[in-house]
Amino acid sequence: MNDCIPSLAQALIDRSWMLATAESCTGGGIAKACTDWSGSSQWFEAGLVTYSNAAKIKLLNVDAELLEVHGAVSEQVARAMAQGAAQQTGALVTVATTGIAGPNGGTDDKPVGTVWLAWSVDGIVRVQHKVFGGNREQIRNATVAFALTHTLSLLGTLAPHYPKP
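In case it helps, this note's numbering puts the sequence shown at residues 305 to 469.
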């Protein structure tokens with residue numbers, strides 16, 4: 305699942321950049337996947353698990369109005385989480401996840417498996433919506449895998465003036 309981590313690590317090391325995470329639905333899974341690798345302190349800065357709305361507000365400075373108007377599982381909140389992680393940690397690369405891993409909590413508009421992911425790469429923010437299938441564990445694992453592979457991809461496309469991964 306985390307086959308891209310050596311390449312991601314090298315891409316970050318080559319740029320002298322650090323990665324930080326702001327995770328809700330993945331509950332620290334991205335941070336765990338990164339820190340499972342020996343030497344990750346060279347490129348992994350911090351992992352913030354902001355599961356509750358209060359934690360998103362307190363730790364990431366997500367505007368309470370964004371949460372009230374759009375809900376925690378939204379493009380706007382994912383973007384704010386990625387930006388907040390960058391501001392709070394100083395990391396030049398951040399990834400944020402917010403979603404509904406189930407088995408409960410889904411609605412017609414936001415079914416179980418709905419995930420918003422956001423990345424900040426040297427100040428450039430990208431957001432993506434995904435709907436993953438499966439049970440809670442499968443949804444969370446798929447989110448972690450996608451977050452990591454897309455982080456590597458974005459380093460190559462958003463930071464082309466640096467050595468490519």
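Note that CB positions come from ideal geometry on N, CA and C, so glycine has one too.
Keep in mind it's a predicted model, so treat the numbers as computed, not measured.
Can the beta-carbon of Arg440 be found closer than 8 angstroms to that of Ala405? Going by C-beta atoms, Arg440 is nearer than 8 angstroms to Ala405.
Under 8 angstroms by Cβ, that's how I've got Leu458 and Val425 pegged, so tell me the actual separation to the nearest angstrom. Between Val425 and Leu458 the Cβ distance is about 5 angstroms, and since that is below 8 angstroms, they are a contact.
Separation of Gly427 from Asn445, as counted between CA atoms: If I take the Cα positions, the gap works out to 27 angstroms.
What would DSSP say about Thr339, mapped onto helix, strand or coil? Looking at Thr339 - three-state DSSP - the assignment turns out to be helix.
Check for me: the beta strand (DSSP E) holding Thr325 runs from which residue to which? 323-327 is the span of the beta strand (DSSP E), which, as asked, contains Thr325.
Our contact map puts Thr447 next to Val416 with C-beta atoms below 8 angstroms; I'd like the distance itself, whole angstroms only. Not really, about 12 angstroms apart at Cβ, beyond 8 angstroms.
In angstroms with no decimal places, state the Cα-to-Cα distance between Gly332 and Ser344. Taking the straight line from one Cα to the other gives about 15 angstroms.
Let me check one thing: in DSSP terms, what residues is Arg319 bridge-paired to? Partner(s): none; Arg319 has no beta bridge.
Bridge partners - Ser424, DSSP secondary structure assignment: Answer by DSSP bridge pairing, in chain order: Thr398, Val429.
Flag this pair as touching only if the segment 307-315 and the segment 332-342 have three or more C-beta atom pairs under 8 angstroms; answer yes or no. The segment 307-315 vs the segment 332-342: in contact.
Taking only three categories from DSSP, how would you classify Thr393? Correct three-state label for Thr393: helix.
Bridge partners for Leu370 per DSSP, in chain order? In DSSP, Leu370 forms no bridge with anything.
Residue span of the alpha helix (DSSP H) that contains Asp450, given as start and end: As written in the sequence, residue 450 is Phe, which differs from the Asp given in the question. Note, Phe450: alpha helix (DSSP H), 440-462.
Relative to the C-alpha of Gly388, which candidate in Val353, Asp318, Asp412, Gly437 has its C-alpha closest? Taking Gly388 as reference, the option from Val353, Asp318, Asp412, Gly437 with the minimal CA-CA separation is Val353.
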